[in-house]
Amino acid sequence: MHELAIAQNILRIVEDEMGSRRLQDGLRKIHLKAGKMHAIIPESLAFNFNVIKRQSPLTELAELIIEEIPLVIRCRSCAHQTGIDEALFLCPACGSPAIDIISGQELYIDSLDLKTDND
Amino acid sequence: MEIKIVRDVLEANDQLAESIRKRLNRAGVRMFNIMSSPGSGKTTLLEKLIPILRGRGLRIGVIEGDITTTRDAERIQPLDIPVAQINTEPFGGDCHLGAEVIWPALDQLGIEQLDLVLIENVGNLVCPAEFDTGAHANLVILSVTEGEDKPLKYPLMFRVCQLAVIHKTDLLPYLDVDPERIETHIRQIRPEMTVLRASSKSGSGLTAIADWLIAFKGND
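Chains as they are written, first to last, in the working numbering: chain A, 1 to 119; chain B, 1001 to 1220.
Structure, rendered in structure tokens:
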């Protein structure tokens, strides 16, 4: 539901990174890692991003590539580690609620792909 | 050519939220962010809870968040406490309150004269969970008419809250709902959640909520 706010944040961060490297064009891909907890709908986020990316010459040709990171938990009681499909934070092996979330909560821009002279 | 940047998408909000918490700590103020779906009874709960908190000698301020209208702020007004109404419609109808609208609301309230600030967030179980308001703790209100499996459907919301209030318990005689099952489902998402049951209509459970707010120290 808040994919537009996320897209706007992505745009601001990318503009900041391009600006700090004195890059004025050439951005082709933005690699986003989205943990499953955030329930981002990739099609919706890409759609929103494609609308607002035209606001800036820095981003207008960029494609947002979204990699979904699965939810992985580790049990502090029995050390069992597993991916989970549903957000049920109890150890499937021993039933303990003492679990740590290893992945699935992240939401970050990992890297940018820039056009090289060969493109 | 690939440039590695590794930047959190929500960093700007998170940084401002941390600044808000520091500001509140300097002023000796605790702030709580109250979230729920629309119609769970947040405003009514505040109307009943605030007099109890004031009776304990606390100075309260409220930040009201809605997409549009000032109706909730108008309901709180008669309690004669500082209220800041945020309408997100001018911002494009934002479905949540971000740290950037909370900061100026604190200016409006005059937090130096307050002990406790309560945020009534936009009625929405999805987006507000993503955006740290700078509060010391998050509360989720879940009314018994919303279904036992609500926590399973909105895991992020229940994951980021420290207190869950099962609300409108006065309606239980008319429903095929088991509050024990609601509580079980909440604990599947956040095992360490404090869960209280309350009815603003009957007054049941309100003192326990006030006790919890007063006793809460720090944020986890």
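Think of the CB as a built atom: it goes at the ideal place given N, C-alpha and C, for glycine as much as any other residue.
From a predicted model like this one, the values you see are computed outputs, not experimental measurements.
Measuring alpha carbon to alpha carbon, tell me which of the options ends up nearest residue i.
| i | options | result |
| --- | --- | --- |
| E68/A | E60/A, F49/A, T59/A and L45/A | L45/A |
| D1115/B | M1031/B, E1074/B and A1105/B | M1031/B |
| D117/A | P57/A, L27/A and R21/A | L27/A |
| D1149/B | I1189/B, I1182/B, I1003/B and P1082/B | I1182/B |
| L1079/B | S1040/B, L1053/B and T1069/B | L1053/B |
| Q1077/B | H1096/B, T1043/B, I1067/B and G1110/B | T1043/B |
| E1047/B | I1119/B, E1089/B, T1069/B and A1027/B | I1119/B |
| R1059/B | V1117/B, I1034/B, L1016/B and H1096/B | V1117/B |
| N1087/B | N1124/B, W1103/B, G1098/B and T1070/B | T1070/B |
| D1107/B | L1125/B, L1196/B and Q1085/B | Q1085/B |
| I30/A | V1006/B, W1103/B, G1098/B and E1064/B | V1006/B |
| A34/A | D16/A, E106/A, D113/A and L112/A | E106/A |
| E3/A | R1197/B, T1068/B and V1126/B | V1126/B |
| D25/A | A62/A, H38/A and A87/A | A62/A |
| R1026/B | W1212/B, E1064/B and I1111/B | I1111/B |
| G1123/B | M1035/B, I1214/B, I1003/B and W1212/B | M1035/B |
| F89/A | T1184/B, G1205/B and A1208/B | T1184/B |
| R22/A | K36/A, H38/A and L58/A | L58/A |
| C1161/B | A1129/B, G1028/B, A1208/B and A1105/B | A1129/B |
| L32/A | E43/A, I109/A and I13/A | I109/A |
| T1068/B | C1095/B, G1055/B, R1056/B and G1057/B | C1095/B |
| S1037/B | L1016/B, K1153/B, D1008/B and A1105/B | K1153/B |
| A1017/B | W1103/B, L1175/B and N1138/B | W1103/B |
| W1212/B | G1028/B, D1008/B, E1074/B and N1138/B | N1138/B |
Under the assumption that residue i contacts residue j (Cβ atoms under 8 Å), give the Cβ distance between them as a whole number of angstroms.
| i | j | result |
| --- | --- | --- |
| L1010/B | N9/A | 7 Å |
| L1045/B | I1141/B | 6 Å |
| E1146/B | S1040/B | 7 Å |
| P976/B | A87/A | With chain B covering 1001 to 1220 only, the question about residue 976/B has no answer from this structure. |
| V1195/B | I1166/B | 7 Å |
| S20/A | I1003/B | Not really, about 11 Å apart at Cβ, beyond 8 Å. |
So, for residue i: in the same chain, excluding its five sequence neighbours on each side, which residues have a beta-carbon less than 6 Å away from its beta-carbon?
| i | result |
| --- | --- |
| R1021/B | G1134 |
| D1014/B | D1132 |
| A98/A | R76 and S77 |
| G1061/B | P1082, L1109, L1114 and V1117 |
| I40/A | A34 |
| S96/A | C75 and S77 |
| I65/A | K29 and H31 |
Which same chain residues end up closer than 8 Å to residue i when comparing Cβ atoms and leaving out the 5 residues on each side of it in sequence?
| i | result |
| --- | --- |
| H1136/B | R1021, L1024, R1030, M1031, F1032, F1216, G1218 and N1219 |
| F1158/B | V1140, P1151, A1164, I1186, I1189, R1190 and M1193 |
| S126/A | Given that chain A is displayed from residue 1 to residue 119, the structure contains no residue 126/A and the question cannot be resolved. |
| V72/A | Q81, T82, G83, I84, I101, I102, S103 and G104 |
| P92/A | H80, T82 and I84 |
| P1051/B | L1079 |
| G1205/B | V1165, T1169, L1196, R1197, A1198 and S1199 |
| L114/A | L23, G26, L27 and R28 |
| C94/A | C75, S77, C78 and H80 |
Just to confirm my understanding: we take residue i, look at its own chain, exclude 5 residues before and 5 after, and list those with CB closer than 7 Å. What are they?
| i | result |
| --- | --- |
| I52/A | A7, Q8 and L11 |
| G1098/B | N1013 and F1131 |
| D1170/B | S1199, K1201 and S1202 |
| V1177/B | V1144 and E1148 |
| D1072/B | T1043, E1064, D1066 and E1120 |
| A1105/B | I1063, A1084 and I1086 |
| I13/A | I109 |
> Considering only residues of the region 34-85 of chain A, which uninterrupted beta strand (DSSP E) runs meet the minimum length of 3 residues and lie entirely inside it, listed in chain order?
Replying inline: 63-69, 71-75 and 81-84
> Closer than 7 Å, Cβ to any Cβ of chain A: which residues of the region 1004-1021 of chain B, in chain order?
Replying inline: K1004, I1005, V1006, R1007, D1008, V1009, L1010 and A1012
>> If the cut-off is 7 Å on Cβ atoms, which residues from the region 87-105 of chain A count as contacting chain B, listed in chain order?
In response: A87, L88, F89, L90 and P97
> Of the residues that make up the region 1147-1167 of chain B, which ones have a beta carbon closer than 8 Å to any beta carbon in chain A?
Replying inline: L1152, P1155, L1156 and R1159
> What are the residues of the region 56-83 of chain A that lie near chain B, defined by any Cβ-Cβ distance shorter than 8 Å?
Replying inline: none
> Quick one: complete alpha helix (DSSP H) runs, 4+ long, within the region 1167-1196 of chain B?
Replying inline: 1179-1189
> Mind listing which residues of the region 8-19 of chain A have their C-beta closer than 8 Å to chain B's C-betas, in chain order?
Replying inline: N9, I10, R12, I13 and E17
>> By the 8 Å beta-carbon criterion, what residues does the region 1180-1210 of chain B contribute toward chain A?
In response: R1187, Q1188, I1189, R1190, P1191 and E1192
> Of the residues that make up the region 1125-1142 of chain B, which ones have a beta carbon closer than 7 Å to any beta carbon in chain A?
Replying inline: V1126, C1127 and E1130
>> I'd like the ranges of any alpha helix (DSSP H) spanning at least 4 consecutive residues and lying wholly in the region 1060-1121 of chain B.
In response: 1071-1076 and 1099-1109
> When Cβ atoms are compared, which residues of the region 44-55 of chain A fall closer than 9 Å to chain B?
Replying inline: none
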